[in-house]
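Presented below is the structure to which this report refers.
There are 2 protein chains.
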Amino acid sequence: MELIFLGTSSAIPTNHRNHSAIAMKSFGEIMLFDCGEGTQRQMSRARLSPMKVDKIFITHFHGDHFLGVPGMVQSMAFRGRKEPLHIFGPEGLSKIVEKIKGLGYFSMSFEICVHEIPDGTPEGYDGSVDRSIEDDRSIKADETELNEKEGLNEGLFHEIKILEEEDYIVTCCKVEHSVPNLAYCITEKRAPKFIKEKALKLGVKPGPDFGKLQQGIPVKVGNRIIKPHEVLGSERQGRKIVYSGDTRPCDQMIKFAEDATVLIHESTFDSQNENKAYETGHSTAAKAAEIANKANVKKLIVTHISTRYKETSTLEKEAIDIFENSVLAEDLMSIEVERSDS
Amino acid sequence: MELIFLGTSSAIPTNHRNHSAIAMKSFGEIMLFDCGEGTQRQMSRARLSPMKVDKIFITHFHGDHFLGVPGMVQSMAFRGRKEPLHIFGPEGLSKIVEKIKGLGYFSMSFEICVHEIPDGTPEGYDGSVDRSIEDDRSIKADETELNEKEGLNEGLFHEIKILEEEDYIVTCCKVEHSVPNLAYCITEKRAPKFIKEKALKLGVKPGPDFGKLQQGIPVKVGNRIIKPHEVLGSERQGRKIVYSGDTRPCDQMIKFAEDATVLIHESTFDSQNENKAYETGHSTAAKAAEIANKANVKKLIVTHISTRYKETSTLEKEAIDIFENSVLAEDLMSIEVERSDS
Numbered sequence: 001m002e003l004i005f006l007g008t009s010s011a012i013p014t015n016h017r018n019h020s021a022i023a024m025k026s027f028g029e030i031m032l033f034d035c036g037e038g039t040q041r042q043m044s045r046a047r048l049s050p051m052k053v054d055k056i057f058i059t060h061f062h063g064d065h066f067l068g069v070p071g072m073v074q075s076m077a078f079r080g081r082k083e084p085l086h087i088f089g090p091e092g093l094s095k096i097v098e099k100i101k102g103l104g105y106f107s108m109s110f111e112i113c114v115h116e117i118p119d120g121t122p123e124g125y126d127g128s129v130d131r132s133i134e135d136d137r138s139i140k141a142d143e144t145e146l147n148e149k150e151g152l153n154e155g156l157f158h159e160i161k162i163l164e165e166e167d168y169i170v171t172c173c174k175v176e177h178s179v180p181n182l183a184y185c186i187t188e189k190r191a192p193k194f195i196k197e198k199a200l201k202l203g204v205k206p207g208p209d210f211g212k213l214q215q216g217i218p219v220k221v222g223n224r225i226i227k228p229h230e231v232l233g234s235e236r237q238g239r240k241i242v243y244s245g246d247t248r249p250c251d252q253m254i255k256f257a258e259d260a261t262v263l264i265h266e267s268t269f270d271s272q273n274e275n276k277a278y279e280t281g282h283s284t285a286a287k288a289a290e291i292a293n294k295a296n297v298k299k300l301i302v303t304h305i306s307t308r309y310k311e312t313s314t315l316e317k318e319a320i321d322i323f324e325n326s327v328l329a330e331d332l333m334s335i336e337v338e339r340s341d342s
Numbered sequence: 001m002e003l004i005f006l007g008t009s010s011a012i013p014t015n016h017r018n019h020s021a022i023a024m025k026s027f028g029e030i031m032l033f034d035c036g037e038g039t040q041r042q043m044s045r046a047r048l049s050p051m052k053v054d055k056i057f058i059t060h061f062h063g064d065h066f067l068g069v070p071g072m073v074q075s076m077a078f079r080g081r082k083e084p085l086h087i088f089g090p091e092g093l094s095k096i097v098e099k100i101k102g103l104g105y106f107s108m109s110f111e112i113c114v115h116e117i118p119d120g121t122p123e124g125y126d127g128s129v130d131r132s133i134e135d136d137r138s139i140k141a142d143e144t145e146l147n148e149k150e151g152l153n154e155g156l157f158h159e160i161k162i163l164e165e166e167d168y169i170v171t172c173c174k175v176e177h178s179v180p181n182l183a184y185c186i187t188e189k190r191a192p193k194f195i196k197e198k199a200l201k202l203g204v205k206p207g208p209d210f211g212k213l214q215q216g217i218p219v220k221v222g223n224r225i226i227k228p229h230e231v232l233g234s235e236r237q238g239r240k241i242v243y244s245g246d247t248r249p250c251d252q253m254i255k256f257a258e259d260a261t262v263l264i265h266e267s268t269f270d271s272q273n274e275n276k277a278y279e280t281g282h283s284t285a286a287k288a289a290e291i292a293n294k295a296n297v298k299k300l301i302v303t304h305i306s307t308r309y310k311e312t313s314t315l316e317k318e319a320i321d322i323f324e325n326s327v328l329a330e331d332l333m334s335i336e337v338e339r340s341d342s
């Protein structure tokens, strides 16, 4: 599993940082998280083909997070794409996609499947809602310092499953920005470990029966049915990647990112600009690191860096001082995400 | 006067070439000709501020020529721009600008003035039409080889004045692409040379009266009125820059580019792909050079290079073989345009 940071700037692009976009290369496909202007060119630089993108997850409708979609769609059509493209995003997505389809002359050669996640309670989501949690635990006494400023959503945490594939699940959660913003979480599904020794002891012969048991299918040995649980170890945690989009530090994010392998959290400002960050619905590197700490994640990557920082080492240091395994993202940086117990 | 090539690719961007856009730095402002996706970032690389752009001229509504407008507009608004932005383009511009205004959340802090040039006869243009030429000279016996293929517009040439400022005039002309495409021409206004010796001989004293005569205002010397024509030389040609947008080679282009200081002509393909160029409404480098020759321009710059050409020296050579003063544009290339008789 590889994460490629295609754009790491906030609002305005710089010579070294393009608008927000993250590619995740895994499960035989490329998923995009946000798609700011110029993302198709950044993909070319990263040697990733936009034709292999089947799913784009947009966090919110500020231009720096989605204005790369029109060009990406038109380039796909120019190349004769036939496969549908799935776009996920907050309320308003359908109208925006309609406008995008009307931007100039091009022959649409494929279908855009719009998955609009409505604002408000997840029950409103069209049939795909699987799990919603109104969780009082998301406000804990020792976490209230994050809530000390007025206006934070006091712990109404909803995690909504928006997609389930063979190998992974995607959920989202509303966090706190100046406009509706969804954080996304991709959780890998992992089968329990197959314990060869147990299988051999029960008389299972190496070959197709091993495969069946690994896949959860019982097999017959002599007159006895061997059930998968007899040869499989305990449940194993798959990799979990969480991306915040734009948000103030908030309790929902702590809950949503719990035990993540990688948390990608916005970090527009440094600590000197904490008030400005709060007012504009953004986070500082230090606050992102506090979230990482409290959520017990393994690695933090801070991104969405304000153009005011020509030199970003201070920003990175502010994160590391609070959460050691922190990295500040650079454009075209690639991170290999390993399983922790593989 | 400086021309900066911000994007020189066709359709799809590459690592080295962005989508179409040309900045013209002159007359105390920056004008943009086309504005493909990522133009605001290319401007940052070229150290040009989008805030200094007051006029954008769009040739046609294929995404690679205008999908940088939404991001540019939103960045201008983010920075609190107050000055109006003028956008010129073919029929359909108003609807496209409406869609662009609806792309996501942003506070519009300035006015977009839409100048839509309708398809068809220039008389349809809203009051600003100054000159229209239905000119039989645009088909000449020795130019018919350009017309040998079926479907070329047989010489109906309309040059429409769309803007007149103190220092320059902008005209446009419909050329031949798969969708309506306007070529643009910027002609510098130049006052005739002031001949100091003549003025002194007529008794005019150096000082404010020199200035008045230079500006075309008569002055009184004793009892005699000295008229400007008595001290001014003959008419002088200002610099003339012509940009084709996307087009097949066509007679209208020859007429429109007549005696230009610089002709910027698209050159998507090489001569081996001449048929493909024709079918898709594009030109080869050789055909662009033929146009330059026939139009008697001083310099030709070919741009809008297909992604198939990793190595472009052949393309440039094909142009130079026909028109010596040809250059193939590269991204961020800057050309200083001097007056020929300064």
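The listed protein sequences derive, respectively, from chains A and B. Residues in the first sequence are numbered consecutively from 1, following the UniProt record's numbering. Residues in the second sequence are numbered consecutively from 1, following the UniProt record's numbering. Note that CB positions come from ideal geometry on N, CA and C, so glycine has one too.
Contact list for residue i against chain A, beta-carbon separation under 7 angstroms
i      : result
S75(B) : I12
F66(B) : G104
R45(B) : N15
Rounded C-alpha distance that separates residue i from residue j
i              : j       : result
S26(A)         : K55(A)  : 12 angstroms
F78(B)         : N18(A)  : 16 angstroms
S9(A)          : H304(A) : 5 angstroms
P206(B)        : K227(B) : 16 angstroms
residue 344(B) : L103(B) : The structure shown does not extend to residue 344(B), since chain B is modelled only from 1 to 342, so the question has no answer here.
M333(A)        : L6(A)   : 8 angstroms
T247(A)        : G238(B) : 54 angstroms
P118(A)        : E176(A) : 15 angstroms
P122(B)        : I162(B) : Model confidence at P122(B) stands at a pLDDT of 43, short of 50, so the residue's coordinates are unreliable; what they give is reported in the following sentence. In a straight line, the C-alpha of P122(B) is about 10 angstroms away from that of I162(B).
E159(A)        : I264(B) : 55 angstroms
D167(B)        : G28(B)  : 10 angstroms
I22(A)         : K240(A) : 15 angstroms
R45(A)         : T307(B) : 14 angstroms
E98(A)         : C113(B) : 24 angstroms
P13(B)         : M72(A)  : 11 angstroms
Y125(B)        : I30(A)  : Because the pLDDT of Y125(B) is 42, which lies under 50, any placement of that residue in the model is unreliable, and the number read from its coordinates should be weighed accordingly. Looking at the two C-alpha atoms, the distance is approximately 48 angstroms.
H282(B)        : V170(B) : 24 angstroms
P208(B)        : R47(B)  : 39 angstroms
F57(B)         : G80(B)  : 22 angstroms
S128(B)        : P249(A) : Any reading at S128(B) is ruled out, since the residue's pLDDT is 37, under 50, leaving its predicted position unreliable.
I213(B)        : E164(B) : Before going further, note that residue 213(B) is Leu rather than Ile in the sequence given. Distance between the alpha carbons of L213(B) and E164(B): 23 angstroms.
S49(B)         : M43(B)  : 7 angstroms
T187(A)        : E116(B) : 50 angstroms
Neighbouring residues, chain A, relative to residue i (Cβ below 8 angstroms)
i       : result
Y309(B) : Near Y309(B) there are no residues of chain A at all, since even the closest Cβ is about 15 angstroms away, more than 8 angstroms.
K220(B) : Under the 8 angstroms cutoff, chain A gives no residues; its nearest Cβ is about 57 angstroms from K220(B).
Nearest-angstrom Cβ-Cβ length linking residue i and residue j, presumed shorter than 8 angstroms
i       : j       : result
V242(A) : A285(A) : That belief does not hold up - the Cβ atoms of V242(A) and A285(A) are roughly 17 angstroms apart, past 8 angstroms.
F106(A) : P84(A)  : That pair is no contact at about 17 angstroms.
N296(A) : D259(A) : 5 angstroms
K299(B) : V262(B) : 5 angstroms
R232(B) : D270(B) : The question names Arg, but residue 232(B) in the sequence shown is Leu. 48 angstroms between Cβ atoms; not a contact.
S244(A) : E230(A) : That belief does not hold up - the Cβ atoms of S244(A) and E230(A) are roughly 42 angstroms apart, past 8 angstroms.
Proximal chain B residues relative to residue i, where beta-carbon distance stays under 7 angstroms
i      : result
I96(A) : L103, G104
Q40(A) : P13
V53(A) : None at all; the shortest Cβ gap to chain B is about 15 angstroms.
Host alpha helix (DSSP H) of residue i (start-end)
i              : result
G71(A)         : 69 to 78
residue 356(B) : Examination of residue 356(B) is not possible in this model, given that chain B is present from 1 through 342 alone.
Residue range of the beta strand (DSSP E) that includes residue i
i       : result
R224(B) : 224 to 226
S244(B) : Careful: S244(B) lies outside any beta strand (DSSP E) and carries neither H nor E.
I254(A) : From DSSP, I254(A) is part of no beta strand (DSSP E) but of the alpha helix (DSSP H) over 251 to 256.
V221(B) : 219 to 221
D34(A)  : 29 to 35
M24(B)  : 21 to 26
P90(B)  : 85 to 90
Residues that residue i contacts on chain B, provided the C-beta gap is smaller than 9 angstroms
i       : result
S109(A) : Residues of chain B passing the Cβ test: none, with the nearest at roughly 14 angstroms.
P70(A)  : E37, G63, L67, P70, L103
Contact set between residue i and chain B, taken where Cβ atoms lie within less than 8 angstroms
i       : result
N273(A) : What N273(A) touches in chain B: nothing, since even the nearest Cβ is about 17 angstroms away.
F78(A)  : A11, I12
Heavy atom of the ligand GTP within 7 angstroms of residue i beta-carbon
i       : result
A289(B) : Summarising the ligand content, the structure contains no ligands, and the ligand GTP is consequently not present.
- request: Evaluate the contact criterion for the stretch 213 to 224 of chain A versus the stretch 265 to 284 of chain A: three or more CB pairs, one atom per stretch, below 8 angstroms.
  value: no
query: Touching or not, the stretch 317 to 327 of chain B and the stretch 279 to 295 of chain B, by the rule of three or more beta carbon pairs under 8 angstroms?
result: yes
contact_flag[the stretch 59 to 67 of chain B, the stretch 30 to 43 of chain B] where n(CB pairs < 8 angstroms) is 3 or more: yes
- prompt: Counting pairs of beta carbons, one from the stretch 83 to 93 of chain B and one from the stretch 180 to 197 of chain B, are three or more of them closer than 8 angstroms?
  reply: yes
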